[in-house]
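Participant: Top line first, the protein sequences correspond to chains A and B. For what it's worth, our numbering labels the leading residue of the first sequence as 17, then goes sequentially. For what it's worth, our numbering labels the leading residue of the second sequence as 1210, then goes sequentially.
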Amino acid sequence: MDSLIGTLRLLAEEPSFAVAQALTGLAGASSLFLVSAGLTIVFGVTRVVNFAHGSFFMVGAYVAVSAITLVGFWPGMLVAALAVGALGVAVEVGILRRIYRAPELFQLLATFGLVLVIQDATLWLWGPEDRMGPRAPGLRGAVDVLGQPVPLYDLFLIAVGPLVLALLWLVFRRTRWGVLVRAATADREMTAALGVDQKRLFTGVFALGALLAGLGGALQVPREAANLHMDLNVIAEAFVVVVVGGMGSIVGAYLAAVLIGVVHAFGVLLFPKLTLVLVFLIMAAVLVVRPAGLLGEAPVPAGGGHGTGEPPLRPASPLLKLAGAALLVLLALLPLATEGYALVLMVDVLALALFAASLHFLMGVGGMISFGHAAYFGIGAYGAALAAKYLAAPMELALAFAPLAAAVAGLAFGWLCGRASGVYLAMLSLAFAQIAWSVAVQWLEVTGGDNGILGLWPSPWAAGPGAYYYLTLGLTTAGLLAIRWLAHTPFGQSLRAGRDSPRRAEALGMSVGARQWAAVAVAGAFAGLAGGLFAYAKGSVFPSFLAISRSVDGLVMVLLGGVQSLTGPIVGAIAYIGLADQLVRGVEYWRLVLGATIILLAVAFRGGLAGIAIRRAGAP
Amino acid sequence: MLRQAILGLAAMVAATAAGPVMAQEPIRIGEINSYSGMAAFTVPYRQGWTLALEEVNAAGGVLGRKLEVVARDDGGKPEDAVRLAAELVANEKVAVLAGTFFSHIGLAVSDYARQHKVLFLGSEPLTDALTWSKGHRYAFRLRPSTYMQAAMLAEEAAKLPARRWATVAPNYEYGQSAVAAFKQLLLAKRPDVEFVSEQWPAQGKIDAGATAQAVALSRPDAIFNVTFGPDLGRFVREGNTRGLFRNRAVVSLLTGEPEYLDPLKDETPEGWIVTGYPWESIDTPEHKTFRDAYRARFNDYPRLGSVVGYGMIKSIAAAIAKAGSTDTEKLVDAMRGLTIPSPFGPMEYRAIDHQSTLGAYVGRTTVRDGKGIMVEWRYADGAKYLPDDATVRKLRPQE
């Protein structure tokens, strides 16, 4: 507090300083805008939430560093932008074009696979060291603005943002291509019906988006060394900008980029320890007040989110019941065969299967997409750990505390974003998870910060690998059966009704909002239990339990397994964890192989692994 | 589909449970590191331990058996590191666990080692907690800790006339404990010093322009920097452009390590006081031998990671030889007070807190032939930068 007042006093004494800081913020906003503009255009037209957009940004920076040495600085920028645009074409034609008709989250899965592939490909091509590029010729120094030094390159960037905005505006308002793109944004089916070649349009839009990301990355070269962390660093912020601006709105993206950039610059000054969470707090605040973002249009109440005309849920067939029982028996016998690593690995698989199943309950049954489901997993884990640490709770009590804490978090989240739906809800859940993550990282006194909470080992009776395995097996089986049972109850059925046709459900007198709220809490509780089990298996909790990558893991498992099937998440967890474990231990470029496998699965098997079996069995 | 899943599961179990057959097997060392996440460090690190491994085995191995390293990538996640630790111990039957880069991952594996009574040699993680507040019988550390390196720099900082200090550190445990230690040690030597600004950029996400401006606003005489990697590059560039470092002393942790200095190239700031590793100008016989062998083997110059990887294997080989066994309890007893030669000179694993006395080089940065190098350096022996025994006993839970 003292330092805040001190800083404010200094600012009052030197108002010119605030101007300089605002200029710094605007320069940051411009680079952010370039990335976000591409992302928002691509989303607006193709409805693809492109996780790999940050990877395009990173590739742009690397290509620029290399190209500059060959052709000079400014041509190098151009080469990088064009090269990444070409990469965008390849990705669109080679992968995404094949899955536009698949459930919309499948594109997300494919782009996530792409992130992994591009990461390893970049490492292979450019090596592990950061690549520092040259500064921009003619823009090396700083100029005096009211007595404060402001880098020339910053001023250049400040001009680039509005310039690109104006160019895009011209393209979209004054060219036939732009008009078609806008038409497709407003109504894809109608545009297609009028005879517009969608394929070409989508390829063009995707290439433009990639080109902008590549340009953004290239222009970043004078400010930072190209490095292998750029992709994930930029993607989270770009998501925030796109959502705050309103998905699909380019002007909105610019406004949001300026807002985020300036808040960032002053946040560094006024709340230096809160930089992580500030951006996400703004996003949450904007979305709670304006659920569609600053300039976004209210989303049309979506149909299914993952395809309509789905057959109603049926109780498990005798065959499936038999297979489930057989699996359970096999799992129960496992400790007789081995005392070793297989049990440790299976504890992970089981806990994450429960986590994936809880996410599936939310997404598949409830139709609510979550990009931040790790929040509940992590809050459950931290709930258990904090209970053990501060209340000296034994393992049994701490484990009971895990779902409780997560359910409370679910209630709070559901209350905050009762009005949001679709991608906006997904983004709000991401913001919520990021806020929880920032708290875990930065509230050092309570959570231990980055170093986590250690020494969380099971009670003596459950300490042996076999004993803890049985405990996990029992609790996850109970959890999985409970989720399955819930989906078939009137609560689950009416939740599905709200998902498929919210208006009809409301007209029938069901409160869709209340049901969804309850579903979030229920899914949260199961994810929390999974987190608690996971924490005691690891003996510790860390902020990474709540990180974006954990949420993505959950999504991948659900999508791999297949959204339509209740068995899907279990199969997905076994496949994903098993595959990752085998690859990590045996292959150097394991992310590349894992990513390629995920892409292949997304392209080839739209129903997920469970879907293959359903097709084989002849069922729809 | 479930049948396939079961078959797959059975195959997975069979693959993991079968394990190796024991028959005058090599002694295995289980090594866990962030190979994919921190490639700039881990590539030279892997080369370092490869070199040491080849040397040890060429000399006949240890106890008549060959040494072997089973390396695993934790992907930057502590929970995966713990799982891999279990895998290495259960399936690969490793005698010792070693490695890790990030502090929290080091602590996670260390806690696993405590729980399962396996020796863990943390080679790279710097957190003081590893040997102090969370220290225990089974964990040792190779590198000089955050406290030790901060102490080396505080000693230099105290000699400067500067009174108004600003700090810039990544906002996580490493940055926070480095700043805390530096403040405490500098204030003890110079009560007239005041800290006028603290910047805490998020690790890997520094808003360099805004941070540089914010530091400038407080008009400090000197800056203590803890950022490293890509953040450092951005901060240096913005600071250079904005004249932040003009007429200001800068004291900077780890910046002299080739991993972080080399990418700065000709933008390396002039005259920063840093800890690091001036590989090209250390001409002691033990370092020359190491450097020549490394160059001959990899056609590349060593980074600090290479020294750490090399020292890790040499430490474990020496401990096994001294213990005459791979039994964990005997190994732990052998490690306590173990003295071995290193490329930096002799070092000892202190019995009191299991911290090695490996030191670091303290010097100034400058640019030569378009590259950043360290000059006017001296070797700061780690043993001299640790608190007295009574303090250490208070910091570390006693067994």
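Every residue, glycine too, gets a C-beta built ideally from N, C-alpha and C.
1) Taking only beta-carbon atoms, is A/G399 less than 9 Å away from chain B?
2) Cβ closer than 8 Å: which chain A residues qualify as neighbours of B/F1284?
3) For A/P481, does the count of other Cβ atoms within 10 angstroms reach 16, so buried, or fall short, so exposed?
4) Using a beta-carbon distance below 9 Å, is A/V528 in contact with chain B?
5) Spatial neighbours of A/L50 within its chain, please: CB distance less than 8 Å, with the 5 preceding and 5 following residues excluded, ordered by chain position.
6) So, A/L286 versus A/T40, is the Cβ gap smaller than 9 Å?
7) So, does the CB of B/Y1594 fall closer than 9 Å to a CB anywhere in chain A?
8) A/L292 and A/S454: beta carbons closer than 9 Å?
9) Under the three-state reduction of DSSP, which class applies to A/G320: helix, strand or coil?
10) Please classify A/E240 as buried or exposed, where buried requires at least 16 other C-beta atoms within 10 Å of its C-beta.
11) Is there a C-beta anywhere in chain A that falls below 9 Å from the one on B/H1313?
12) Please report the straight-line C-alpha distance between A/G323 and A/G388, rounded to a whole angstrom.
13) I believe A/L491 touches A/L549 by the beta-carbon criterion, under 8 Å. Please report the beta-carbon distance rounded to the nearest angstrom.
14) What span of residues does the beta strand (DSSP E) with B/S1406 cover, start to end?
15) Checking the sheet assignment: what are the DSSP bridge partners for A/T463?
16) Just how far apart, CA to CA, sit A/M443 and B/D1597?
17) Under 8 Å between beta-carbons, which chain A residues line up against B/Y1510? List them in chain order, please.
18) A/A341 to A/N243, Cα distance in whole Å?
19) Considering Cα atoms alone, identify which of B/L1260, B/T1477, B/I1549 and B/F1444 is closest to B/G1579.
20) Spell out the partners DSSP gives A/P167 in its beta bridges.
21) Are the CB atoms of A/G399 and A/F371 within a distance shorter than 9 Å?
22) Relative to the C-alpha of B/L1567, which candidate in B/T1600, B/V1405 and B/Y1486 has its C-alpha closest?
23) Just confirm the distance between the C-beta atoms of B/R1451 and B/A1421, as a whole number of angstroms; I'd bet it's less than 8 Å.
24) Measure the alpha-carbon distance for A/F448 versus A/A422 and round it to whole angstroms.
25) List the residues that DSSP assigns as beta-bridge partners of B/W1374.
26) Under the three-state reduction of DSSP, which class applies to B/M1247: helix, strand or coil?
27) What is the rounded straight-line gap between the Cα of A/P317 and the Cα of A/A358?
28) Extract the residue ranges of the alpha helix (DSSP H) inside the segment 1289-1316 of chain B, only unbroken runs of 4 or more that lie entirely within it.
29) When DSSP builds the beta bridges, which residues end up paired with B/K1580?
30) So, for A/A34: in the same chain, excluding its five sequence neighbours on each side, which residues have a beta-carbon less than 7 Å away from its beta-carbon?
31) Using a Cβ-Cβ distance cut-off of 9 Å, determine whether A/F558 contacts chain B.
32) Mind checking A/S637: buried by the 16 CB within 10 Å criterion, or exposed?
33) Roughly how many whole angstroms lie between the Cα atoms of A/M206 and A/R63?
34) Cβ closer than 7 Å: which chain B residues qualify as neighbours of A/V457?
35) Classify A/W90 as buried or exposed, calling it buried when 16 or more other Cβ atoms lie within 10 Å of its own Cβ.
36) According to DSSP, is B/E1382 part of a helix, a strand, or is it coil?
Facilitator: Reading it off the structure:
1) What you label residue 399 of chain A is simply residue 383 of the first sequence in a count that begins at 1. No, no contact with chain B.
2) Along the second sequence, one-based indexing puts residue 1284 of chain B at 75. It is Gly, not Phe, that sits at residue 1284 of chain B in the sequence shown. Ordered by position in chain A, the residues that pass the 8 Å Cβ test against B/G1284 are V600.
3) Counted from its first residue, the first sequence places residue 481 of chain A at position 465. Per the 10 Å Cβ criterion, buried.
4) The residue labelled residue 528 of chain A in the question sits at position 512 within the first sequence. False, the Cβ-Cβ gap to chain B never drops below 9 Å.
5) Position 34 of the first sequence, counting from 1, holds the residue named residue 50 of chain A. V176, G177, V180, L228, A229, L231, G232 and L235.
6) Taking the first residue of the first sequence as position 1, residue 286 of chain A is located at position 270. Taking the first residue of the first sequence as position 1, residue 40 of chain A is located at position 24. No, these two residues do not count as a Cβ contact at 9 Å.
7) As a working mapping, residue 1594 of chain B is identified with position 385 in the second sequence. Not closer than 9 Å to any Cβ of chain A, the Cβ of B/Y1594 fails to qualify, so no.
8) One-based indexing of the first sequence puts residue 292 of chain A at position 276. One-based indexing of the first sequence puts residue 454 of chain A at position 438. Yes, the Cβ-Cβ distance between A/L292 and A/S454 is below 9 Å.
9) Within the first sequence, the letter at position 304 stands for residue 320 of chain A. In this prediction, A/G320 has a pLDDT of 42, which is less than 50 and means its spatial position is unreliable; nothing more can be read from the coordinates.
10) For the purposes of this step, residue 240 of chain A is taken as residue 224 along the first sequence, with counting starting at 1. Burial call: buried.
11) As a first step, residue 1313 of chain B must be located in the second sequence, where it is residue number 104. Yes, its Cβ sits closer than 9 Å to a Cβ of chain A.
12) Against the first sequence, residue 323 of chain A aligns to sequence position 307. Against the first sequence, residue 388 of chain A aligns to sequence position 372. Since pLDDT at A/G323 reaches only 44, below the 50 mark, its modelled position is unreliable, and the value read off the structure follows with that caveat. Cα-Cα distance, rounded: 22 Å.
13) Against the first sequence, residue 491 of chain A aligns to sequence position 475. Against the first sequence, residue 549 of chain A aligns to sequence position 533. Their Cβ separation, rounded to whole angstroms, is 6 Å, which keeps A/L491 and A/L549 in contact under 8 Å.
14) Taking the second sequence and counting its residues from 1, one reaches residue 1406 of chain B at position 197. Unbroken beta strand (DSSP E) run through B/S1406: E1403 to Q1408.
15) Residue numbering aside, residue 463 of chain A sits at position 447 when the first sequence is read from its first letter. In the DSSP output, where bridge partners are listed per residue, A/T463 has none listed.
16) Counted from its first residue, the first sequence places residue 443 of chain A at position 427. Counted from its first residue, the second sequence places residue 1597 of chain B at position 388. Cα to Cα, the separation comes out at about 52 Å.
17) Residue mapping note: residue 1510 of chain B aligns to position 301 of the second sequence, counting from 1. Those do not exist, as B/Y1510 stays about 13 Å from chain A at its closest Cβ, beyond 8 Å.
18) The residue you call residue 341 of chain A lines up with position 325 of the first sequence. The residue you call residue 243 of chain A lines up with position 227 of the first sequence. If you take the alpha carbons of A/A341 and A/N243, they lie about 49 Å apart.
19) On the second sequence, residue 1579 of chain B is found 370 positions in, with the first residue counted as 1. Here the closest residue by C-alpha is B/T1477.
20) Locating residue 167 of chain A in the first sequence gives position 151, where the first residue counts as 1. A/P167 is bridged to A/A158.
21) Translated into the one-based positions of the first sequence, residue 371 of chain A becomes position 355. Translated into the one-based positions of the first sequence, residue 399 of chain A becomes position 383. Against a cut-off of 9 Å, the Cβ pair of A/G399 and A/F371 comes out as no contact.
22) Start at 1 with the first residue of the second sequence, and residue 1567 of chain B comes out as number 358. The shortest C-alpha separation from B/L1567 is found at B/Y1486.
23) If you number the second sequence from 1, residue 1451 of chain B lands on position 242. If you number the second sequence from 1, residue 1421 of chain B lands on position 212. The Cβ separation is near 5 Å, so the contact holds.
24) Counted from its first residue, the first sequence places residue 448 of chain A at position 432. Counted from its first residue, the first sequence places residue 422 of chain A at position 406. Those two C-alpha atoms are separated by around 13 Å.
25) Residue mapping note: residue 1374 of chain B aligns to position 165 of the second sequence, counting from 1. The partner list for B/W1374 (beta bridge, DSSP) reads B/F1404 and B/A1431.
26) Along the second sequence, one-based indexing puts residue 1247 of chain B at 38. In the structure shown, B/M1247 sits in coil (DSSP, three-state: anything other than H, G, I, E or B).
27) Taking the first sequence and counting its residues from 1, one reaches residue 317 of chain A at position 301. Taking the first sequence and counting its residues from 1, one reaches residue 358 of chain A at position 342. Unreliable positioning characterises A/P317 in this predicted model, as indicated by a pLDDT of 47, which lies under 50. A coordinate reading is not provided.
28) none
29) Within the second sequence, the letter at position 371 stands for residue 1580 of chain B. DSSP output for B/K1580 lists B/R1577 as bridge partner(s).
30) Here residue 34 of chain A refers to the residue found at position 18 when the first sequence is read from its first residue. Result list for A/A34: L27, in chain order.
31) Working through the first sequence from its first residue, we reach residue 558 of chain A at position 542. Judged by the 9 Å Cβ criterion, A/F558 is in contact with chain B.
32) Since the first residue of chain A shown is 17 and the last is 636, residue 637 of chain A is not available in this structure.
33) Reading the first sequence from its first residue, position 190 is the one you call residue 206 of chain A. Reading the first sequence from its first residue, position 47 is the one you call residue 63 of chain A. If I take the Cα positions, the gap works out to 15 Å.
34) As a working note, residue 457 of chain A is residue 441 in the first sequence. Ordered by position in chain B, the residues that pass the 7 Å Cβ test against A/V457 are Y1381.
35) Looking up residue 90 of chain A in the first sequence gives position 74. The residue in question, A/W90, is exposed, as its Cβ has fewer than 16 Cβ neighbours within 10 Å.
36) On the second sequence, residue 1382 of chain B is found 173 positions in, with the first residue counted as 1. Three-state result, B/E1382: helix.
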